[in-house]
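Note that my numbering has the sequence shown beginning at 165, numbered continuously upward. We put the CB at the ideal spot given by N, CA and C, even for glycine. Predicted, not measured: the structure shown is a model, and the values here were computed from it.
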Amino acid sequence: MKTKIKLSELPAILENNTVEIATPFGLSQITDCYVKQGHGRKIYFSDGTEIECSDYHLFFDNGKLIPALKFNVSDSINGKEIVKIEESNNTEWIDFSTDSDHELYIHNGLVHHNSGKSLIIHTLIKYILENTKYRVLITV
C-alpha cells in the first residue's frame with residue numbers, strides 16, 4: 165500500500181527513520197532534505213507510468229546522467245518511450261543529501277556531496293598564489 169506524504173512532513177520522517185533511495189550506484193541513505201521551488205516537467209511514458217520532476221532531475225540512461233530538460237517526445241529513457249511532456253512553472257521539489265562516500269550529484273547546476281569541490285578550489289588557489297602576482301578572494 166502506498167502512502168502519500170506532504171513535502172513538509174519529509175524532514176521529520178527522515179529525522180526519526182532510516183530512509184534509503186535507489187541511486188545509479190545502489191541504495192543510499194537520505195541524511196537531509198531541502199524543499200525548493202522551480203520549473204519542472206511531467207513526463208508520461210508509453211507503459212502508462214509517469215514522473216514529475218525538476219528540469220534538472222538526472223536520469224541514468226545508457227551509462228550517462230541526463231537532465232530531464234534534454235528529453236523530447238519520442239525519446240526513450242531506459243527503454244521506456246516518452247509519449248507526452250507537460251511543463252510546469254512553479255512546483256515544489258525535494259533536493260537531498262545521501263550518506264554515500266564519493267558520489268556526485270548535479271542538481272540545478274550545483275555539484276553536491278563528496279565531489280571534490282574543496283580540493284579543486286584549494287589546488288587552484290594554491291597555484292594562483294604561487295605562480296602569479298594575483299590575490300584571491302573566496303566568497304562563501
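How about Ile241 and Phe223: are their beta carbons less than 8 Å apart? yes
For Glu267, which of helix, strand or coil comes out of DSSP? Here the model assigns Glu267 a pLDDT of 49, short of 50, so the residue's position is not dependable, and the following value carries that caveat. If DSSP states are grouped into helix, strand and coil, Glu267 belongs with coil.
Apart from the five residues on each side of it in sequence, which residues of its chain come closer than 6 Å, Cβ to Cβ, to Ser252? Gly204
In whole angstroms, what separates the C-alpha of Val183 from that of Glu294? 46 Å
Cβ shell of Tyr208 (< 6 Å), same chain only, five flanking positions each side left out: Glu214, Val247, Lys248
Excluding the 5 residues flanking Thr255 on each side, which residues of the same chain have their C-beta closer than 6 Å to its C-beta? Gly204
Can you tell me whether Lys234 is helix, strand or coil according to DSSP? helix
Rounded C-beta distance between Leu174 and Cys197? I'm assuming under 8 Å. 5 Å
Let me know the secondary structure DSSP gives Tyr198 once reduced to three states. strand
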